[in-house]
Amino acid sequence: NHTSTAPTTPATSEITTIENSNLKIAILGASAYVALCLGDYVLALEHSRTLLAIENIPGAYQMLGNLYAAESLILMDKINEAIDHLKLENIEDLNTSIPVPENLLDSEKTDEPSGNTK
Numbered sequence: 031n032h033t034s035t036a037p038t039t040p041a042t043s044e045i046t047t048i049e050n051s052n053l054k055i056a057i058l059g060a061s062a063y064v065a066l067c068l069g070d071y072v073l074a075l076e077h078s079r080t081l082l083a084i085e086n087i088p089g090a091y092q093m094l095g096n097l098y099a100a101e102s103l104i105l106m107d108k109i110n111e112a113i114d115h116l117k118l119e120n121i122e123d124l125n126t127s128i129p130v131p132e133n134l135l136d137s138e139k140t141d142e143p144s145g146n147t148k
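To convert, take the position in the sequence shown, counting from 1, and add 30; that gives the numbering used here.
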């Protein structure tokens, strides 16, 4: 039984990078939420700020990062700082992941061997 692995192409490599970024973003968002639930507001704020510092963060995670940061700050009695995170301009979109460019998806489809052998 011979199993072959497709060589890693630049398109596949870039998609993997995007997937890794999406995973990191999701983990930071979840970590901020868990820290809030556990009452560790300093850690929740740290995770939220790390999340918000990521370039090209999907809109839904930007919103969550701002909400978790604001909640942490409110619970630490830092209301004025919290207000900055609750401004409407912080909500631009509600995308949940970094989009994969269409040209990368097309090249990945052409790299896959066709499974039909009729």
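Beta carbons: idealized from backbone N, C-alpha and C, even for Gly. Since the model is a prediction, treat every value here as computed from it, not as a measurement.
task = Taking only runs that begin and end inside the region 46-78, name each unbroken alpha helix (DSSP H) of 4 or more residues, in chain order.
result = none
query = Which class does Asn96 belong to by DSSP, given the choice of helix, strand or coil?
reply = Here residue 96 refers to the residue found at position 66 when the sequence shown is read from its first residue. Residue state, collapsed to three classes: helix.
request  = State yes or no: is the C-beta of Asn86 within less than 8 Å of the C-beta of Ile128?
outcome  = The count along the sequence shown starts at 1 and reaches residue 86 at position 56. The count along the sequence shown starts at 1 and reaches residue 128 at position 98. Yes, these two residues count as a Cβ contact at 8 Å.
message = Determine whether the beta carbon atoms of Gln92 and Asn52 lie at a separation below 8 Å.
response = Position 62 of the sequence shown holds residue 92. Position 22 of the sequence shown holds residue 52. Contact flag unset, no.
task = Look up Ser102 in the DSSP assignment and say whether it is helix, strand or coil.
result = Taking the sequence shown and counting its residues from 1, the one referred to as residue 102 is at position 72. Residue state, collapsed to three classes: helix.
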